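**Student:**
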Amino acid sequence: MPLSDRITLTESGFLFDHSSGITYTLNGTGTAIMQMLLDAKGPEDIISELMIRFEVEERDARFDLDQFVSQIRKFNLI
445 MPLSDRITLT
455 ESGFLFDHSS
465 GITYTLNGTG
475 TAIMQMLLDA
485 KGPEDIISEL
495 MIRFEVEERD
505 ARFDLDQFVS
515 QIRKFNLI
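The number in the numbering used here is simply the position in the sequence shown, starting from 1, with 444 added.
#1: So, does the CB of L470 fall closer than 7 Å to a CB anywhere in chain B?
#2: Tell me the rounded alpha-carbon separation between E499 and L481.
#3: Rounded to a whole number of angstroms, what is the C-alpha to C-alpha distance between G474 and I496?
#4: With a threshold of 8 Å on Cβ separation, who are the neighbours of N471 within its own chain once the five nearest residues in sequence on each side are excluded?
#5: Comparing C-alpha positions only, which one of A505, T469, G465 sits nearest to E493?
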């Protein structure tokens, strides 16, 4: 099942997992990353977008992406 069929994400950062019924609240960075994942963007595209949108260095964008993906894996969202 595609991620977009399991997850609903609002612009304000509320994420609803249809399979578990659990709702999560994401910060701005998390919301941006999750939206790009839902849009099927790859890691390098996400990192580039984070660098532009949040005016951060590549290492910080990469760290944020890695940490976020680690967390959503822990919660079985991907």
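By construction, the Cβ of each residue, glycine as well, lies at the ideal position given by its N, Cα and C atoms. These numbers were taken from a predicted model, which means no experiment stands behind them.
**Tutor:** Based on what the coordinates show:
#1: Among the chains of the structure shown, chain B does not appear; only one protein chain is present.
#2: Looking up residue 499 in the sequence shown gives position 55. Looking up residue 481 in the sequence shown gives position 37. Taking the straight line from one Cα to the other gives about 20 Å.
#3: Here residue 474 is taken as the residue at index 30 of the sequence shown, counted from 1. Here residue 496 is taken as the residue at index 52 of the sequence shown, counted from 1. Cα-Cα distance, rounded: 15 Å.
#4: Translated into positions along the sequence shown, residue 471 becomes position 27. Cβ neighbours of N471 beyond the five flanking positions: G457.
#5: Against the sequence shown, residue 493 aligns to sequence position 49. Looking at the Cα atoms, A505 is the closest of the given residues.
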